[in-house]
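Chains as they are written, first to last, in the UniProt record's numbering: chain A, 1 to 447; chain B, 1 to 358.
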Amino acid sequence: MIRYVAGRWGASAALRAARIGGGSLPELPTSSGRSVVVRGYAAKAGEAAEPSFYEFRDRKIPFVSQLDIHEPSLTGGMPCFRVLDETGQCVLDDASAYEVDEELGRKMYENMVKLQTMDTLFYEAQRQGRFSFYMTCFGEEATVIGSAAGLDFKDHVFAQYREHGVLMWRGQTFQEFADQCYGNHRDYNKGRQMPVHYGRKDMNFQTISSPLCTQLPQAAGAAYANKLANYDGITVTYFGEGAASEGDFHAAMNFASTLACPMIFMCRNNGWAISTPSDEQYTGDGIAGRGSAYGMPAIRVDGMDALAMFHATTIARDYVVKNQSPILVEAMSYRTSHHSTSDDSSRYRELSEMKAWKARDPVARFQIWLEHKGWWTEEEESVLRAESRKAVMKVLDMAEREQKRPLRDLVEDVYDVVPEHLEKQYQEIKEFAKKHKHLYPNDIPIE
Amino acid sequence: MNALRRAFVTRVAKWPAVTVVERGYASQTEMTVRDALNSALAEEMRKDDKVFVMGEEVGEYQGAYKITRGLLQEFGAERVYDTPITEAGFTGLAVGAGFSGLKPVVEFMTFNFAMQAIDQIINSAAKTLYMSAGTISCPIVFRGPNGAAAGVGAQHSQCFGAWYSSCPGLKVLAPYDCEDARGLLKAAIRDPDPVIFLENELLYGNSYPVDDKILDVDFTLPIGKAKVMREGTDVTLVAFSKMVGYSLEATEVLAEKGISAEVINLRTLRPLDRETIMKSIVKTSRIVSVEEGWPQSGIGSEITAVANEEAFDHLDAPVERVTGADIPTPYAANLEKSAFPTVDDIVTAAERACYRSK
Numbered sequence: 001m002i003r004y005v006a007g008r009w010g011a012s013a014a015l016r017a018a019r020i021g022g023g024s025l026p027e028l029p030t031s032s033g034r035s036v037v038v039r040g041y042a043a044k045a046g047e048a049a050e051p052s053f054y055e056f057r058d059r060k061i062p063f064v065s066q067l068d069i070h071e072p073s074l075t076g077g078m079p080c081f082r083v084l085d086e087t088g089q090c091v092l093d094d095a096s097a098y099e100v101d102e103e104l105g106r107k108m109y110e111n112m113v114k115l116q117t118m119d120t121l122f123y124e125a126q127r128q129g130r131f132s133f134y135m136t137c138f139g140e141e142a143t144v145i146g147s148a149a150g151l152d153f154k155d156h157v158f159a160q161y162r163e164h165g166v167l168m169w170r171g172q173t174f175q176e177f178a179d180q181c182y183g184n185h186r187d188y189n190k191g192r193q194m195p196v197h198y199g200r201k202d203m204n205f206q207t208i209s210s211p212l213c214t215q216l217p218q219a220a221g222a223a224y225a226n227k228l229a230n231y232d233g234i235t236v237t238y239f240g241e242g243a244a245s246e247g248d249f250h251a252a253m254n255f256a257s258t259l260a261c262p263m264i265f266m267c268r269n270n271g272w273a274i275s276t277p278s279d280e281q282y283t284g285d286g287i288a289g290r291g292s293a294y295g296m297p298a299i300r301v302d303g304m305d306a307l308a309m310f311h312a313t314t315i316a317r318d319y320v321v322k323n324q325s326p327i328l329v330e331a332m333s334y335r336t337s338h339h340s341t342s343d344d345s346s347r348y349r350e351l352s353e354m355k356a357w358k359a360r361d362p363v364a365r366f367q368i369w370l371e372h373k374g375w376w377t378e379e380e381e382s383v384l385r386a387e388s389r390k391a392v393m394k395v396l397d398m399a400e401r402e403q404k405r406p407l408r409d410l411v412e413d414v415y416d417v418v419p420e421h422l423e424k425q426y427q428e429i430k431e432f433a434k435k436h437k438h439l440y441p442n443d444i445p446i447e
Numbered sequence: 001m002n003a004l005r006r007a008f009v010t011r012v013a014k015w016p017a018v019t020v021v022e023r024g025y026a027s028q029t030e031m032t033v034r035d036a037l038n039s040a041l042a043e044e045m046r047k048d049d050k051v052f053v054m055g056e057e058v059g060e061y062q063g064a065y066k067i068t069r070g071l072l073q074e075f076g077a078e079r080v081y082d083t084p085i086t087e088a089g090f091t092g093l094a095v096g097a098g099f100s101g102l103k104p105v106v107e108f109m110t111f112n113f114a115m116q117a118i119d120q121i122i123n124s125a126a127k128t129l130y131m132s133a134g135t136i137s138c139p140i141v142f143r144g145p146n147g148a149a150a151g152v153g154a155q156h157s158q159c160f161g162a163w164y165s166s167c168p169g170l171k172v173l174a175p176y177d178c179e180d181a182r183g184l185l186k187a188a189i190r191d192p193d194p195v196i197f198l199e200n201e202l203l204y205g206n207s208y209p210v211d212d213k214i215l216d217v218d219f220t221l222p223i224g225k226a227k228v229m230r231e232g233t234d235v236t237l238v239a240f241s242k243m244v245g246y247s248l249e250a251t252e253v254l255a256e257k258g259i260s261a262e263v264i265n266l267r268t269l270r271p272l273d274r275e276t277i278m279k280s281i282v283k284t285s286r287i288v289s290v291e292e293g294w295p296q297s298g299i300g301s302e303i304t305a306v307a308n309e310e311a312f313d314h315l316d317a318p319v320e321r322v323t324g325a326d327i328p329t330p331y332a333a334n335l336e337k338s339a340f341p342t343v344d345d346i347v348t349a350a351e352r353a354c355y356r357s358k
């Protein structure tokens, strides 16, 4: 519904002053640099006032008499917040508001190192054919751990697939990671999902969905449901800049904005969507720049700076809790990893580019800061690295030796209750397995 | 930010050289399904400049499964369009282009991802001709791998043949060998209606015989016609895509047991060639349908209905269906293998239809 309203004035104090004074014409700047004169306030006594504003729902849009094309800004755009530079030096004059205490700093760093170690060794194990698939998050350790640290455990996470660091932060053990990748009987996914497609309700972490970006509208729905239920926590969804091209992204942003869903849209802009670089993925001011189009506030932050990530997340979270509405965060980083073990990124990007970014390792950057604060020593570094390595090697061996899931799993969870035809098939298979044990694999329990 | 953007812009040189598949197949006696599809695409693009290819990774990457290999080099980026990751978005774009007189060939990296675009396919591509009183057609081909793949779990391994074949307005093709791949793809691109072209990832690398007729640039196959791959007298095996190969293998085993089986390669799932199925039943009196898809409302259900409606009085045994298991595809390799039909399953079902089973 559009209404043209004469004589009803907008919120602009300048305009109101001009109206009251009846004097000089206020000039509104336009993006093209030409001035625009606002018409309609100078009606003479006795004449009907010309409509001055296009009153559209909650907006009052000033009418202008000059026809302009409003060009997007091709330079600048939303600035990027950071605390530490690429060499780990603090760039703020007064960083006191954007630091963390020793305990939290050490915990964040230890998680980043463990994540890096696990990714390295799990990747190698996959390459050796010990399990079928893996995805690393090299280059994005600070994005994931920094944001995980800024969230509350009760916050619901809808991840894309490269955010296993959130689970690590929430307490998932090396062994549990390995059990899932091997799909053994301890795997809480019951061996049904591809490796890395984690998901566990007890850690408020939604199961990973392979089709890209389906988690965004789902997260908006979850946040809305939580809001209706007065749930204490917020919802956070992670996605890449490539996923943001999906129609689901736009649907989710629009839903979240119009329904005022208490959630964070956490974009990991790592420059690459498999082989598609971000400059072919979109034009304009990245993902954060889209926030205002949806009436959603946004933050752009250096995703390779753990301190900046932590504070961006806590500030975003506070905003969501206070306003009960969504916010968009764009973390700028670089995917040093191949997309997955099914990808060889050297075929589509230059080695020099990868090396240049690898040199900005977010883990090393944070380590330098910790050392500078006097909270970390070289000795602690070598102990942590060695122990993590040893622990990861051990869980891989342990996971490999475990039995598979029991036969009964074949028919469960397709429906709430196992339907009759599947039950019948299961009984047949079970009887067969019992009768012909020599044909039946010995690492799968019959009952 | 600008520094970051600049860094992202650093790219591998545009359009790396690739070995373009050699044209001129006169002396060739065998080729892979991959090359059959690739050559069919290239020939149709040469013949008609309204034909263009789009999808994720079809250009510089040469296609996730290399079906579009060499096309970017030959036809340029305007006709080989690398899209952003948005199935709903780029399918909408392609449907619009089809409405406006172009002939898009849309590659879905797999048909699993096409679920995001199902609204564009069903509600727009398939129905607009009817809704516009015959004035707006959509000459478009949606192609990509369909059906069970290997080791990719529940969400990336399934057959959508039954889904699309239930929708009026669509034509649904499922090639098996190189003759099918070339003849049906070229026919699909030339067809004025929207065509769903269901390939199979596991067949891409397989080689099949070709001859001068199949390699001719104007070779096409009729849409809506099945092919009798092997004649037989005792039982009919009706299949499509990869299951045609399995059915052919099953005939060897059945022959040893004294059963002469006829194999029908459906080629087109919609419109279904009811006549060929009916004629075969009249001859053999027994029929087994074979598919990787789920049993309920599957292609086999439709075959059963056809047998019932067209040749009930000629049936000497109930119709047998061999299908995938009625569960999401398991990820574990051993379970995955058990979830889909094997040659043995087909043999067993055929024996049952012939009242030969123990």
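Backbone N, C-alpha and C define an ideal beta-carbon position, used for all residues, glycine too.
Residue i beta carbon near the ligand NAP (any heavy atom closer than 6 Å)
| i | result |
| --- | --- |
| F239 (chain A) | The ligand NAP is absent from the structure shown, which contains no ligands of any kind. |
Test: residue i CB closer than 7 Å to a CB of chain A
| i | result |
| --- | --- |
| E22 (chain B) | With a pLDDT of 49 at E22 (chain B), under the threshold of 50, the modelled position of that residue is not reliable, and no figure is offered here. |
| A339 (chain B) | no |
| P168 (chain B) | no |
| G298 (chain B) | no |
| I122 (chain B) | no |
| I85 (chain B) | yes |
| A88 (chain B) | yes |
| I67 (chain B) | no |
Opening and closing residue of the alpha helix (DSSP H) in which residue i lies
| i | result |
| --- | --- |
| G171 (chain A) | That residue, G171 (chain A), is in no alpha helix (DSSP H); it is neither H nor E in DSSP. |
| R352 (chain B) | V343 to A353 |
| A260 (chain A) | Careful: A260 (chain A) lies outside any alpha helix (DSSP H) and carries neither H nor E. |
| M203 (chain A) | Where M203 (chain A) is concerned, there is no enclosing alpha helix (DSSP H), given that its DSSP letter is neither H nor E. |
| R182 (chain B) | C178 to R190 |
Burial state of residue i, where buried means 16 or more other Cβ atoms lie within 10 Å
| i | result |
| --- | --- |
| M131 (chain B) | exposed |
| F122 (chain A) | buried |
| Q128 (chain A) | exposed |
| I223 (chain B) | buried |
| S39 (chain B) | buried |
| M135 (chain A) | buried |
| D180 (chain B) | buried |
| Q324 (chain A) | exposed |
| G171 (chain A) | exposed |
| V38 (chain A) | Low confidence applies here, because V38 (chain A) scores a pLDDT of 40, under 50, leaving its location unreliable and the question unanswered by this model. |
Close-in-space but distant-in-sequence residues of the same chain around residue i (CB under 7 Å, 5 per side omitted)
| i | result |
| --- | --- |
| P328 (chain B) | A154 |
| W169 (chain A) | N111, I145, A148 and A149 |
7 Å Cβ cutoff, residue i in contact with chain B
| i | result |
| --- | --- |
| S132 (chain A) | yes |
| residue 448 (chain A) | Outside the modelled stretch of chain A, which goes from 1 to 447, sits residue 448 (chain A), for which no answer is possible. |
| E141 (chain A) | no |
| S257 (chain A) | no |
| L84 (chain A) | no |
| E447 (chain A) | no |
| V392 (chain A) | no |
| L351 (chain A) | no |
| residue 531 (chain A) | As displayed, chain A neither begins before 1 nor continues past 447, which places residue 531 (chain A) out of reach and without an answer. |
Host beta strand (DSSP E) of residue i (start-end)
| i | result |
| --- | --- |
| T236 (chain B) | V235 to A239 |
| I287 (chain B) | I287 to V290 |
| A298 (chain A) | A298 to D302 |
| H156 (chain A) | H156 to F158 |
| T268 (chain B) | T268 to R270 |
| M309 (chain A) | Looking at the DSSP string, M309 (chain A) is not in any beta strand (DSSP E); the run it does join, the alpha helix (DSSP H), is A306 to N323. |
| Y208 (chain B) | S207 to P209 |
| Y238 (chain A) | T235 to G240 |
Same chain, Cβ closer than 6 Å to residue i, neighbours up to 5 away in sequence not counted
| i | result |
| --- | --- |
| residue 359 (chain B) | With chain B covering 1 to 358 only, the question about residue 359 (chain B) has no answer from this structure. |
| S337 (chain A) | T136 and F138 |
Residues near residue i in its chain [Cβ-Cβ closer than 8 Å; skip 5 each side]
| i | result |
| --- | --- |
| Q116 (chain A) | F138, E141 and V363 |
| A114 (chain B) | E87, T91, F108, I121, F142, G144 and F160 |
Q. Could you give the uninterrupted runs of the beta strand (DSSP E) lying entirely in the region 50 to 129 of chain B, keeping only those of 3 residues or more?
A. 51 to 55, 80 to 82 and 103 to 107
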